[in-house]
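Worksheet: one structure, shown below.
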Amino acid sequence: MIDVRPVGYVMGSLTAALGVTMVAPMALDIATANGNARAFGEAALFTAFTGGMVALACQSGGRREWNIRQAFLLTFLIWAVLPAFAALPFMLGEPRAGLTDAVFESVSGMTTTGSTVFVGIDAFPAGLNLWRGMLNWFGGIGIAYIAMIFLPHLRLGGMQFFRAQGFDTLGKTLPRAVDIARGLLAVYVGLTAVCAATYSLLGMSPLDAVVCAMASIATGGFSPMDASFAKYPGAPEYAGAIFMILGSMPYVRFMQLAAGSARPFLYDVQVRAYLAWIAIAVGAVTAWRVAHGAPVEPAFRESFFNLVSVMSGTGFFSADVGSWGGFALGVVAIVGIIGGCTSSSSGALSVFRVQILFTAIGTHVRRLHAPHRVEPVRYDGRAVDEDVIHAIILHLTSYILIIGLMSIVLTLDGVDMESAFFSIWTSIGNIGFGFGPMVAPTGTMMAFSDLSKWVMIVTMILGRLGLLAVFILILPRFWRD
Amino acid sequence: MHDLRPVGYVIGLLCAVFGATMAVPLAVDFAAGDGHWRAFLQSAVLTSAIGGLIALACANGVGDRISLQQTFLLATGVWVALPLFGALPFMFGATAARPVDAVFESMSGLTTTGATVFTGLEHLPRGLLLWRSMLQWFGGIGIIVVAMVFLPELRVGGMQIFRSEAFDTGGKVLPRAAEIASRIGVIYLALTVANALAYAAVGMNGFDAINHALTTMSTGGFATSDASFAPYQGAPEYLASVFMVIASLPFVRYVQIVAGAARPLLRDTQVRAFLWTIAALVSVITAYRVLANGDHWEHAFREALFNVISVITGTGFASVDYQLWGTFPVMMFFFVGLIGGCAGSTTCSVKIFRYQLLIASIKVQIRRIHSPHGQFAPRYEGRVVSDEVMSSVMSFFGVFVVSLGLIAVALSMTGLDFVTSISGAATAIANVGPGLGDTIGPAGNFAAINDTAKWILSAAMLLGRLELLIVFVLFMPRFWRA
Chain A
46 MIDVRPVGYV MGSLTAALGV TMVAPMALDI ATANGNARAF GEAALFTAFT
96 GGMVALACQS GGRREWNIRQ AFLLTFLIWA VLPAFAALPF MLGEPRAGLT
146 DAVFESVSGM TTTGSTVFVG IDAFPAGLNL WRGMLNWFGG IGIAYIAMIF
196 LPHLRLGGMQ FFRAQGFDTL GKTLPRAVDI ARGLLAVYVG LTAVCAATYS
246 LLGMSPLDAV VCAMASIATG GFSPMDASFA KYPGAPEYAG AIFMILGSMP
296 YVRFMQLAAG SARPFLYDVQ VRAYLAWIAI AVGAVTAWRV AHGAPVEPAF
346 RESFFNLVSV MSGTGFFSAD VGSWGGFALG VVAIVGIIGG CTSSSSGALS
396 VFRVQILFTA IGTHVRRLHA PHRVEPVRYD GRAVDEDVIH AIILHLTSYI
446 LIIGLMSIVL TLDGVDMESA FFSIWTSIGN IGFGFGPMVA PTGTMMAFSD
496 LSKWVMIVTM ILGRLGLLAV FILILPRFWR D
Chain B
4 MHDLRPVGYV IGLLCAVFGA TMAVPLAVDF AAGDGHWRAF LQSAVLTSAI
54 GGLIALACAN GVGDRISLQQ TFLLATGVWV ALPLFGALPF MFGATAARPV
104 DAVFESMSGL TTTGATVFTG LEHLPRGLLL WRSMLQWFGG IGIIVVAMVF
154 LPELRVGGMQ IFRSEAFDTG GKVLPRAAEI ASRIGVIYLA LTVANALAYA
204 AVGMNGFDAI NHALTTMSTG GFATSDASFA PYQGAPEYLA SVFMVIASLP
254 FVRYVQIVAG AARPLLRDTQ VRAFLWTIAA LVSVITAYRV LANGDHWEHA
304 FREALFNVIS VITGTGFASV DYQLWGTFPV MMFFFVGLIG GCAGSTTCSV
354 KIFRYQLLIA SIKVQIRRIH SPHGQFAPRY EGRVVSDEVM SSVMSFFGVF
404 VVSLGLIAVA LSMTGLDFVT SISGAATAIA NVGPGLGDTI GPAGNFAAIN
454 DTAKWILSAA MLLGRLELLI VFVLFMPRFW RA
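Residue numbers (the numbering used here), protein chains in the order written: chain A, 46 to 526; chain B, 4 to 485.
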């Protein structure tokens with residue numbers, strides 16, 4: 046049996062901290078006097094109290110060496126437990142949601158998915174909308190941190206490739222987890238502030254600007270507007286696209302940039318490929334739409350904004366993408382499966398894995414041609430272990446299989462094929478877009494049954510943590526010594 | 004540049020023989036006395052003459068051994084040349100098809116896909132129907148030889164795991180291929196005859212029994228009427244299910260049985276996994292139909308059995324429009340098509356053994372996480388699987404998924420809707436036959452889709468049939484240098 050006290054201590058502390066942050070929306074609700082402050086007050090007290098008790102109970106095991114199983118458990122618990130507490134304000138106050146809807150919304154927030162089950166968001170109390178933005182924001186920095194610290198050591202999904210790299214290049218400036226956290230936080234807060242300032246300069250109301258900024262940098266996609274970015278067409282769309290791209294790039298590069306070295310950022314092969322692929326996808330969809338009679342500027346702007354939103358896994362929308370036709374939908378489906386860069390807050394497969402996949406396939410085909418030539422797969426000039434390649438292809442295959450299995454489960458619940466596929470696609474990639482007859486009328490997931498919503502909740506967490514990380518926890522082997 | 008003569012010689016010979024086989028439908032039409040035999044005469048003469056000339060022109064370069072590069076070229080060359088000639092009767096004959104339709108039909112036949120662009124099949128001359136079935140039958144035996152001799156030799160998609168088994172070529176690919184083809188050919192023919200007799204015994208007329216036997220044993224799926232297998236409810240469905248399963252087991256096992264050893268078949272893990280998969284899928288779909296739709300259990304079971312096996316083996320017969328069963332079974336059928344049968348059979352798609360290796364690899368990864376310093380290796384049938392095989396299998400999965408996505412997008416660019424694009428791409432690359440949706444679903448056919456999409460689908464069938472990588476190698480500039 047593993048020692049769960051260190052895990053409990055950290056979980057308790059995090060839960061208590063989450064409770065404390067509920068003071069912010071409470072204060073906003075008090076200031077706007079909309080009568081919803083009470084919900085946040087109750088939720089804050091309950092959350093902070095429970096978290097504090099757990100932390101105290103486990104304190105005796107607090108400062109120990111961590112082993113890999115505890116790291117697994119903690120990673121999983123963060124995304125399983127915190128959303129449960131974060132769901133409280135949705136149930137205690139407006140919109141008086143049921144358990145399923147509240148948990149769906151908060152899991153969607155903390156996994157930075159951005160799918161919602163609510164309509165009439167414009168009429169929500171200001172504090173609640175701020176809370177939704179904060180959920181995105183916490184989820185974003187959480188996964189970026191986990192991706193930098195934990196995942197490389199878990200040997201999952203090929204992330205072990207970054208174990209040696211990334212931090213070594215920083216020299217000794219950021220040797221420890223705490224320092225990484227500090228650097229990451231500075232970058233993250235800085236980007237969010239710049240983003241919020243830009244949005245409000247471009248004409249957004251202060252609340253809209255702040256919430257959208259949090260959701261943009263976290264690639265979350267919650268906005269305080271039912272119409273999402275269609276409420277602010279034009280310049281805010283361009284700004285939004287740029288900040289979503291920034292939010293889906295490797296944060297370690299920004300940290301290096303802040304430390305004064307721009308070179309790693311400019312020469313990052315992943316960043317370059319990401320930008321190139323965005324350009325190709327946007328170019329193709331724009332050309333397709335212009336060829337079908339759409340005017341050039343709106344076609345480009347909408348393609349740019351919405352494709353970036355899908356690829357970065359954000360989920361803002363500014364147009365009815367579903368009506369652009371089969372080709373646009375195909376491109377959207379593919380960029381959504383690719384996703385943004387690793388060690389950012391974006392989800393899905395990530396550019397890094399797709400790059401390795403293509404390189405590995407290329408090398409394999411060459412090897413078929415000349416079986417006796419030894420030629421390692423190279424990424425960024427470094428040879429990639431077979432281990433890493435297998436892990437990546439397994440990740441890819443299980444990703445596709447999960448999409449298949451989960452879509453089948455949704456169809457078992459009576460959902461049509463297109464809605465089922467895209468709901469799972471959006472959940473596992475933490476994207477936030479939805480297509481199909483069940484989603485189209487409202488642009489939300491509210492029409493699904495409770496069972497389907499729980500399937501999506503599970504899928505969002507699966508997608509966020511990497512699939513194997515969750516499977517491992519259900520193996521008896523994991524719990525034995 | 005490689006010496007193309009040995010490749011040309013073999014392809015030329017095959018074409019000449021292929022042309023000669025057109026004498027069979029010619030004779031059938033001649034006997035019917037409707038004058039349609041002229042189409043086959045023209046095609047046969049053209050095919051044999053061109054094939055013979057190519058073979059003669061290349062005859063001076065033939066040795067015992069051919070190089071790896073030549074083997075790649077040969078495999079692709081055969082599946083490009085034969086469908087082109089096989090398309091001739093559709094152009095000259097009663098269907099008077101345009102090249103795009105004729106090539107689609109012929110490619111669909113020789114890759115044992117079973118998707119058709121023709122309607123009113125029951126009104127076509129019998130010779131033409133027989134020719135469609137024969138295309139599939141040739142495609143079936145062809146792919147067994149490729150899977151047993153070529154793929155292990157070329158190390159494609161992890162097939163080298165079957166290299167040591169029974170059929171080591173020792174570098175001499177062509178003599179080996181001829182020898183295996185003749186041994187397998189006898190078994191294949193015997194099974195087909197047994198199948199035809201069985202069909203006739205349960206009430207099919209002679210012509211239908213022969214045609215359906217030809218397309219069952221090749222897991223092809225061309226039928227003699229638009230209704231596919233629907234006219235033959237009941238016992239023929241069970242019978243067809245059994246023979247489709249027989250056709251999707253590794254043929255090397257039958258060779259061993261003929262040699263007196265039944266044990267390898269009974270103990271083959273791939274066969275077991277395949278049968279278990281079918282059992283699980285059939286039970287789930289039967290249960291769903293009985294519980295959710297309230298259907299009669301025997302109907303539900305029989306139709307689930309027949310259609311699941313038809314899709315998993317890549318045959319593509321349809322006895323009902325299973326899209327009417329509800330969304331859940333439809334979604335299941337989509338993914339069932341991506342499973343496939345056993346390696347070394349006439350089936351297509353990913354194939355069971357690759358999933359087995361994938362699972363073995365996942366297990367190893369999980370163990371490694373649990374104890375990072377332990378040494379673990381994936382195993383298959385008790386033997387350690389080498390890194391090289393694992394890489395091949397992994398690359399295959401990667402290539403398969405990427406190709407599927409790209410073909411689906413290409414199809415959607417021609418204006419097809421989402422469901423048609425993705426299921427069309429899947430059904431073509433996995434050589435199944437019917438897709439999903441109103442147009443290409445089990446109740447429809449491919450006649451209504453646009454020409455560009457038909458060309459894309461024809462190419463996808465070829466890619467899928469040759470396990471993708473064989474074709475991709477040819478697109479490498481390096482392949483043509485040296």
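Each residue gets a CB set at the ideal place from its N, CA and C atoms; glycine is no exception.
In this structure, does DSSP put B/Val-287 in helix, strand or coil?
helix
Please report the distance separating the alpha-carbon of B/Ala-250 from that of B/Val-333.
24 Å
Just to confirm my understanding: we take A/Val-316, look at its own chain, exclude 5 residues before and 5 after, and list those with CB closer than 8 Å. What are they?
Met-294, Pro-295, Arg-298, Phe-310, Cys-386
Using the Cα positions of A/Asn-81 and A/Pro-486, report the straight-line distance between them to the nearest angstrom.
29 Å
Return the chain-ordered list of same chain residues with a C-beta closer than 7 Å to the C-beta of B/Phe-482, the five sequence neighbours on each side being excluded.
Gln-72, Val-476
A/Met-462 touches chain B at which residues, Cβ-Cβ below 7 Å?
Thr-330, Val-333, Met-334, Val-422
Determine the closest residue to A/Thr-157 out of A/Gly-407, A/Ala-344, A/Met-259, A/Phe-403, with distance taken between C-alpha atoms.
If we check each option's Cα against that of A/Thr-157, A/Met-259 comes out closest.
Quick check: the Cα distance between A/Val-232 and A/Tyr-283, rounded to an integer number of angstroms?
21 Å
So, at 6 Å on beta carbons, what are the nonlocal neighbours of B/Ala-100 in its own chain, with the 5 sequence-adjacent residues on each side left out?
Excluding positions up to five away in sequence, the list reads Phe-93, Met-94.
Best match in B/Asn-448, B/Ser-374, B/Gln-378, B/Thr-455 for proximity to B/Ile-410 [C-alpha to C-alpha]
B/Thr-455
For B/Leu-308, tell me which candidate among B/Leu-284, B/Ala-295, B/Leu-327, B/Tyr-291 has the shortest Cα-Cα distance.
B/Leu-284
Listed from N- to C-terminal order along the chain, which residues in the region 336-348 of chain B have their beta-carbon within a distance smaller than 7 Å of any beta-carbon of chain A?
Considering only beta carbons, the part of the region 336-348 of chain B lying closer than 7 Å to chain A consists of Phe-338, in chain order.
For A/Pro-521, which residues from the same chain have a beta carbon less than 6 Å from its beta carbon, with the 5 sequence-adjacent residues on both sides left out?
none
Take A/Phe-212 and list the residues in its own chain whose beta-carbon comes closer than 6 Å to its own, dropping the five residues that flank it on each side.
Confidence at A/Phe-212 is low in this model, with a pLDDT of 41, below 50, so the placement of that residue is unreliable and no value is reported for it.
List, in chain order, every chain A residue whose beta-carbon is nearer than 8 Å to that of B/Leu-284.
Those within 8 Å of B/Leu-284 in chain A number zero; the least Cβ separation is about 11 Å.
Between the region 455-473 of chain B and the region 430-440 of chain B, can you find at least three pairs of beta-carbon atoms closer than 8 Å?
Using a C-beta cut-off of 8 Å, the region 430-440 of chain B makes contact with the region 455-473 of chain B, since at least three inter-stretch Cβ pairs fall below that distance.
Find the residues of chain B that neighbour A/Glu-420, judging by a C-beta separation of less than 8 Å, and give them in chain order.
Per Cβ cutoff of 8 Å: no residues; A/Glu-420 is ~11 Å from chain B at best.
Spatially closest choice to A/Ala-405 from A/His-414, A/His-435, A/Ser-268, A/Ala-364, by CA coordinates:
A/His-435
Would you mind telling me which residues of chain A sit closer than 9 Å to B/Asp-390, beta carbon to beta carbon, in chain order?
Glu-431, His-435
Relative to the alpha-carbon of A/Phe-608, which residue among A/Ala-332, A/Met-356, A/Gly-338, A/Ser-354 has its alpha-carbon at the smallest distance?
Coverage of chain A is limited to positions 46 through 526, which leaves residue 608 of chain A absent and any answer about it impossible.
At a Cβ cut of 7 Å, what residues of the region 398-415 of chain B count as close to chain A, listed as they run along the chain?
Ser-398, Phe-400, Gly-401, Val-402, Val-404, Gly-408, Ala-411, Val-412, Ser-415
Proximity to A/Pro-269 [Cα-Cα], best of A/Leu-352, A/His-337, A/Gly-165, A/Ile-113:
A/Gly-165
For a contact defined as C-beta to C-beta under 7 Å, what are the partners of B/Ser-70 on chain A?
Under the 7 Å cutoff, chain A gives no residues; its nearest Cβ is about 11 Å from B/Ser-70.
Under 9 Å Cβ-Cβ, which residues of chain A neighbour B/Gly-418?
Gly-370, Gly-371, Phe-372
In the DSSP assignment, find the alpha helix (DSSP H) that holds A/Asp-458 and state where it starts and stops.
Run containing A/Asp-458: none; DSSP gives neither H nor E here.
Using DSSP's beta-bridge definition, name the partner residues of A/Ala-69.
Answer by DSSP bridge pairing: none, since A/Ala-69 is not bridged.
What is the DSSP secondary structure of A/Tyr-296, reduced to helix, strand or coil?
helix
DSSP puts A/Ala-428 in a beta bridge; with which residues?
A/Arg-423
Cβ shell of A/Gln-210 (< 7 Å), same chain only, five flanking positions each side left out:
Confidence in A/Gln-210 is poor, its pLDDT being 47 and thus under 50, which makes the residue's placement unreliable; the coordinate value appears in the next sentence. Here the set comprises nothing.
Okay, do the region 49-65 of chain B and the region 107-125 of chain B touch, 3+ Cβ pairs below 8 Å being the bar?
no
Would you kindly work out how many angstroms separate the C-alpha atoms of B/Ile-115 and B/Leu-268, rounded to a whole number?
It should be noted that the sequence gives Thr, not Ile, for residue 115 of chain B. Spanning the two alpha carbons is a distance of roughly 24 Å.
Does the distance from the CB of A/Ala-100 to the CB of A/Ala-69 come in under 8 Å?
no
Cβ-based neighbour list, A/Phe-117, same chain, cut-off 8 Å, excluding 5 preceding and 5 following
Around A/Phe-117, the same chain offers Leu-199, Ala-514, Ile-517, Leu-518, Phe-523 as residues with beta carbons nearer than 8 Å, after the five sequence neighbours per side are excluded.
Beta-carbon of B/Arg-135 versus every beta-carbon of chain A: anything under 8 Å?
no
Counting only beta-carbon separations shorter than 8 Å, does B/Phe-482 have a partner in chain A?
yes
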